[in-house]
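Take 85 as the starting number for the sequence shown in the working numbering and just add one per residue.
This report refers to the structure that appears directly beneath it.
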Amino acid sequence: MQNVKMLEEQKKQRQEAEKKEVEDSMLKTRSLLTENKLPLEDMKRRVKRNLEKLEEHGVVSSKDDYQAIVNMIARVSCQL
Numbered sequence: 085m086q087n088v089k090m091l092e093e094q095k096k097q098r099q100e101a102e103k104k105e106v107e108d109s110m111l112k113t114r115s116l117l118t119e120n121k122l123p124l125e126d127m128k129r130r131v132k133r134n135l136e137k138l139e140e141h142g143v144v145s146s147k148d149d150y151q152a153i154v155n156m157i158a159r160v161s162c163q164l
């Protein structure tokens with residue numbers, strides 16, 4: 085009887101984890117869809133925040149006006 089309860093509890097935990105995973109996935113999708121509808125000022129803040137994160141990781145530098153990312157985008161565009 086105790087084994088049955090344990091198996092039921094494990095099943096319930098798995099179902100909850102799967103449900104959370106689906107919900108998280110849906111939130112990400114919804115976020116991407118609404119991202120394009122943000123006001124210009126919000127988009128500017130988001131870009132600035134992301135540039136700051138990239139600078140923290142050494143990918144770009146404000147000293148060269150973020151030229152590295154411009155070059156990366158240009159390279160990718162040429163490859164398309």
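Heads up, the beta-carbon is just placed ideally off N, CA and C, and yes, glycines get one too.
Predicted, not measured: the structure shown is a model, and the values here were computed from it.
Among residues of its own chain, excluding the 5 on either side of residue i, which ones have a beta-carbon nearer than 8 Å to its beta-carbon?
i: Asp149; result: none
i: Lys132; result: none
Excluding the five sequence neighbours on either side, which residues of its own chain have a C-beta within less than 6 Å of the C-beta of residue i, listed in chain order?
i: Leu138; result: Val144
Taking DSSP as the reference, what is the three-state secondary structure of residue i?
i: Asp149; result: coil
i: Val144; result: coil
i: Lys104; result: helix
i: Leu164; result: coil
i: Leu135; result: helix
i: Leu124; result: helix
Find the nearest neighbour of residue i within the set the options, judged by alpha-carbon distance.
i: Leu135; options: Ser146, Glu125, Asp126; result: Ser146
For residue i, which residues in the same chain have their Cβ closer than 7 Å to its Cβ, ignoring the five residues on either side in sequence?
i: Glu105; result: none
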